[in-house]
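K.L.:
Supplied in structure tokens, the structure appears directly below.
Residue numbers (this note's numbering): 113 to 563.
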């Protein structure tokens with residue numbers, strides 16, 4: 113049964129990824145056809161064609177490698193300045209110039225008699241931007257729809273007053289040794305919390321008569337009371353219990369105002385001598401349905417996180433390589449491939465994460481797809497060819513040059529020769545292929561662990 117659930121999770125996300133790619137390309141296809149551009153192909157995937165059918169002038173199909181998709185519009189590249197429309201001069205001698213000339217030639221060969229005014233490069237700048245932004249915006253719309261369904265129909269975990277016991281230490285270990293020591297020796301003294309019978313899952317209502325509103329309150333009330341017997345009121349199985357605990361002096365890690373453990377510049381814990389009972393607490397949360405008004409905030413946080421990952425992608429990929437070929441652990445917030453996304457989906461659906469019922473598993477899978485679409489939205493905005501953002505940048509640059517020429521009463525500079533940027537596109541494509549292969553390898557040999 114576990115294997116079947118794992119496979120269902122993988123298939124669910126695979127279908128979701130395929131639909132996301134297909135809808136991304138529809139985001140390009142619809143405005144292109146609306147603006148009169150001839151679209152000869154609409155394909156989901158790359159490589160050999162598995163299935164295709166022709167509707168009018170467009171071939172629709174599915175290809176073997178599900179790492180993206182494309183639509184083929186005629187006339188993506190304009191002729192070189194000085195070339196007559198429909199002709200191209202003798203190729204340049206430089207290798208990079210030859211690449212651009214070859215692309216122009218292929219683009220020219222796609223234009224059949226009568227289609228001269230249905231080419232992409234002749235569109236106005238706004239229309240070019242609408243077509244190229246259609247794909248990323250479609251992914252953004254998908255993410256908004258999925259997130260809206262999640263928060264309004266399923267809900268979101270909201271932090272409530274109080275704290276819940278996350279774990280109870282059996283023996284007394286100084287904070288400086290806690291990371292190195294994982295088991296207790298028979299001679300180790302027991303912690304006050306263990307002796308008092310505090311258990312993981314207990315909701316802490318009050319400490320020393322003071323109500324608990326946040327997890328940080330627990331430590332604040334315990335640390336100054338070394339040697340003082342204090343009552344800790346907890347709720348267990350729906351009933352309140354009062355447990356008497358006497359904090360002992362121990363070396364403990366300092367925390368910030370929000371309860372975050374403090375570390376120094378070397379990543380080592382900042383410690384102090386204070387009262388200690390041996391519990392770690394977590395916020396009390398409850399699942400509550402939300403209004404659609406919370407979606408922009410969630411979306412903004414996801415965009416910010418993904419943009420941060422992309423801004424530091426060289427270091428992130430270095431970390432992935434060190435994990436894949438060394439002993440380093442994978443960063444759970446780092447980049448993953450479609451293989452990694454599939455593994456995550458399988459682990460979620462098969463119950464590898466404790467505490468998730470069927471509804472929570474489904475909601476987590478939907479959240480995973482929403483995050484993936486946000487990632488596709490942000491990634492495709494990078495202003496480099498062959499990404500959509502590169503074509504948008506080319507169109508905006510064309511508009512800027514033409515408007516500047518108009519204001520300065522200079523001759524129209526004509527269309528921006530995007531073909532000149534093809535060497536950059538080839539370089540970017542090569543980097544993306546290498547990154548994809550590295551991520552897929554890492555997701556097989558050193559996958560990101562959930563839970």
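The C-beta atom is built at its ideal place from N, Cα and C for all residues, glycine as well.
Would you kindly work out how many angstroms separate the C-alpha atoms of residue 430 and residue 515, rounded to a whole number?
P.N.:
Translated into the one-based positions of the chain shown, residue 430 becomes position 318. Translated into the one-based positions of the chain shown, residue 515 becomes position 403. One C-alpha to the other measures close to 43 Å.
K.L.:
Would you mind giving the Cβ-Cβ distance between residue 134 and residue 158, rounded to the nearest angstrom? I have them listed as a contact below 8 Å.
P.N.:
The residue given as residue 134 occupies position 22 in the chain shown. The residue given as residue 158 occupies position 46 in the chain shown. Not a contact, Cβ separation roughly 14 Å.
K.L.:
Terminal residues of the continuous alpha helix (DSSP H) containing residue 528?
P.N.:
Locating residue 528 in the chain shown gives position 416, where the first residue counts as 1. Note, residue 528: premise wrong, no alpha helix (DSSP H); not H, not E.
K.L.:
Between the C-alpha atoms of residue 234 and residue 148, what's the straight-line distance to the nearest angstrom?
P.N.:
Your numbering for residue 234 matches position 122 in the chain shown. Your numbering for residue 148 matches position 36 in the chain shown. Distance between the alpha carbons of residue 234 and residue 148: 11 Å.
K.L.:
In angstroms with no decimal places, state the Cα-to-Cα distance between residue 399 and residue 412.
P.N.:
As a first step, residue 399 is located in the chain shown; it is residue number 287 there, counting from the start. As a first step, residue 412 is located in the chain shown; it is residue number 300 there, counting from the start. Approximately 21 Å, taken between the alpha carbons.
K.L.:
Here's the rule I'm using: 16 or more other beta-carbon atoms within 10 Å means buried, otherwise exposed. How should residue 94 be labelled?
P.N.:
Only positions 113 to 563 of the chain appear in this structure, which leaves residue 94 out of reach.
K.L.:
Tell me the DSSP secondary structure of residue 280 in three-state form.
P.N.:
The residue given as residue 280 occupies position 168 in the chain shown. Looking at residue 280 - three-state DSSP - the assignment turns out to be strand.
K.L.:
When you compare each of 503, 504, 525 to residue 513 by their alpha carbons, which one comes out closest?
P.N.:
Indexing the chain shown from 1 puts residue 513 at position 401. If we check each option's Cα against that of residue 513, 525 comes out closest.
K.L.:
With respect to the alpha helix (DSSP H) encompassing residue 148, which residues constitute its N-terminal and C-terminal limits?
P.N.:
The sequence position of residue 148 within the chain shown is 36, counting from 1. Counting along the chain, residue 148 falls outside any alpha helix (DSSP H), and DSSP gives it neither H nor E.
K.L.:
Quick one: what's got a C-beta closer than 6 Å to residue 528's C-beta in the same chain, skipping five residues either side?
P.N.:
As a first step, residue 528 must be located in the chain shown, where it is residue number 416. Cβ neighbours of residue 528 beyond the five flanking positions: 506, 509, 510.
K.L.:
I'd like the list of long-range same chain contacts for residue 322, defined as Cβ closer than 6 Å, with 5 residues on each side in sequence excluded.
P.N.:
Walking along the chain shown from the start, residue 322 turns up at place 210. Closer than 6 Å at the Cβ level, and outside the excluded window around residue 322, lie 333.
K.L.:
Could you compute how far the alpha carbon of residue 246 sits from the alpha carbon of residue 252?
P.N.:
Position 134 of the chain shown, counted from the start, is the residue given in the question as residue 246. Position 140 of the chain shown, counted from the start, is the residue given in the question as residue 252. Looking at the two C-alpha atoms, the distance is approximately 10 Å.
K.L.:
What three-state label does DSSP hand residue 384 in the structure shown?
P.N.:
On the chain shown, residue 384 is found 272 positions in, with the first residue counted as 1. Three-state DSSP puts residue 384 in a strand.
K.L.:
What does DSSP give as the partner residues of residue 318 in its beta bridges?
P.N.:
Against the chain shown, residue 318 aligns to sequence position 206. Answer by DSSP bridge pairing, in chain order: 323, 345.
K.L.:
Can you tell me whether residue 210 is buried or exposed? The criterion is at least 16 other CB atoms within 10 Å of its CB, across all chains shown.
P.N.:
Taking the first residue of the chain shown as position 1, residue 210 is located at position 98. Burial call: exposed.
K.L.:
Just how far apart, CA to CA, sit residue 223 and residue 192?
P.N.:
Here the question's residue 223 lines up with position 111 in the chain shown. Here the question's residue 192 lines up with position 80 in the chain shown. If you take the alpha carbons of residue 223 and residue 192, they lie about 16 Å apart.
K.L.:
Any heavy atom of the ligand GTP inside 7 Å of the beta-carbon of residue 274?
P.N.:
This structure lacks the ligand GTP, and indeed carries no ligand of any kind.
K.L.:
Tell me whether residue 462 sits in a helix, a strand or coil according to DSSP, three-state version.
P.N.:
Here the question's residue 462 lines up with position 350 in the chain shown. Residue 462 falls in the helix class under three-state DSSP.
K.L.:
Around the Cβ of residue 327, are there at least 16 other Cβ atoms within 10 angstroms (buried) or fewer (exposed)?
P.N.:
The residue you call residue 327 lines up with position 215 of the chain shown. When all chains shown are included, residue 327 counts as buried.
K.L.:
Tell me which residues share the same chain as residue 494 and place their Cβ nearer than 6 Å to its Cβ, disregarding the 5 neighbours each side in the sequence.
P.N.:
The residue given as residue 494 occupies position 382 in the chain shown. Cβ neighbours of residue 494 beyond the five flanking positions: 501.
K.L.:
CB residue 477 to CB residue 460, shorter than 8 Å?
P.N.:
As a first step, residue 477 must be located in the chain shown, where it is residue number 365. As a first step, residue 460 must be located in the chain shown, where it is residue number 348. Yes, Cβ-Cβ distance for residue 477 and residue 460 is below 8 Å.
K.L.:
What are the boundary residues of the alpha helix (DSSP H) that residue 171 is part of?
P.N.:
Sequence index remark: in the chain shown, residue 171 carries index 59 (1-based). Careful: residue 171 lies outside any alpha helix (DSSP H), inside the beta strand (DSSP E) at 170 to 185.
K.L.:
Ordered along the chain, which non-local residues of its own chain (more than five positions away) have a Cβ less than 8 Å from that of residue 352?
P.N.:
As a first step, residue 352 must be located in the chain shown, where it is residue number 240. So the qualifying residues of the chain are 317, 345, 346.
K.L.:
According to the Cβ coordinates, are residue 485 and residue 255 closer than 8 Å?
P.N.:
The count along the chain shown starts at 1 and reaches residue 485 at position 373. The count along the chain shown starts at 1 and reaches residue 255 at position 143. Yes, the pair counts as a contact, with Cβ atoms nearer than the cut-off.
K.L.:
Answer yes or no: do residue 558 and residue 436 have a C-beta to C-beta separation smaller than 8 Å?
P.N.:
What you label residue 558 is simply residue 446 of the chain shown in a count that begins at 1. What you label residue 436 is simply residue 324 of the chain shown in a count that begins at 1. Yes, these two residues count as a Cβ contact at 8 Å.
K.L.:
I need the DSSP call for residue 162, collapsed to helix, strand or coil.
P.N.:
The residue labelled residue 162 in the question sits at position 50 within the chain shown. Looking at residue 162 - three-state DSSP - the assignment turns out to be strand.
K.L.:
Quick check on the burial criterion: 16 or more other C-beta atoms within 10 angstroms. Buried or exposed for residue 313?
P.N.:
Position 201 of the chain shown, counted from the first residue, corresponds to residue 313. Answer is exposed; the Cβ neighbour count stays below 16.
K.L.:
Taking the alpha carbon of residue 442 as the point to measure from, which residue in 561, 152, 471, 356 has its own alpha carbon closest?
P.N.:
Position 330 of the chain shown holds residue 442. Closest option to residue 442, Cα to Cα, is 561.
K.L.:
Hey, how far is the Cα of residue 389 from the Cα of residue 360?
P.N.:
For the purposes of this step, residue 389 is taken as residue 277 along the chain shown, with counting starting at 1. For the purposes of this step, residue 360 is taken as residue 248 along the chain shown, with counting starting at 1. Computed Cα separation, rounded: 7 Å.
K.L.:
Of all the alpha helix (DSSP H) runs that stay within the bounds of the stretch 384 to 444, which reach a length of 4 or more residues?
P.N.:
List check, alpha helix (DSSP H) in window: 407 to 423, 425 to 437.
K.L.:
Locate the alpha helix (DSSP H) running through residue 490, then write down its first and last residues.
P.N.:
Here residue 490 is taken as the residue at index 378 of the chain shown, counted from 1. Residue 490 -> alpha helix (DSSP H) spans 470 to 491.
K.L.:
Is it the case that the Cβ atoms of residue 183 and residue 151 are separated by a distance below 8 Å?
P.N.:
Against the chain shown, residue 183 aligns to sequence position 71. Against the chain shown, residue 151 aligns to sequence position 39. Cβ distance < 8 Å, so residue 183 and residue 151 count as in contact.
K.L.:
In angstroms with no decimal places, state the Cα-to-Cα distance between residue 171 and residue 372.
P.N.:
Start at 1 with the first residue of the chain shown, and residue 171 comes out as number 59. Start at 1 with the first residue of the chain shown, and residue 372 comes out as number 260. C-alpha separation (whole angstroms): 56 Å.
K.L.:
Quick one: give me the first and last residue of the beta strand (DSSP E) that residue 351 is part of.
P.N.:
Along the chain shown, one-based indexing puts residue 351 at 239. Per DSSP, residue 351 belongs to the beta strand (DSSP E) from 351 to 357.
K.L.:
Return the chain-ordered list of same chain residues with a C-beta closer than 6 Å to the C-beta of residue 640, the five sequence neighbours on each side being excluded.
P.N.:
The question about residue 640 has no answer, for the chain in this structure spans 113 to 563.
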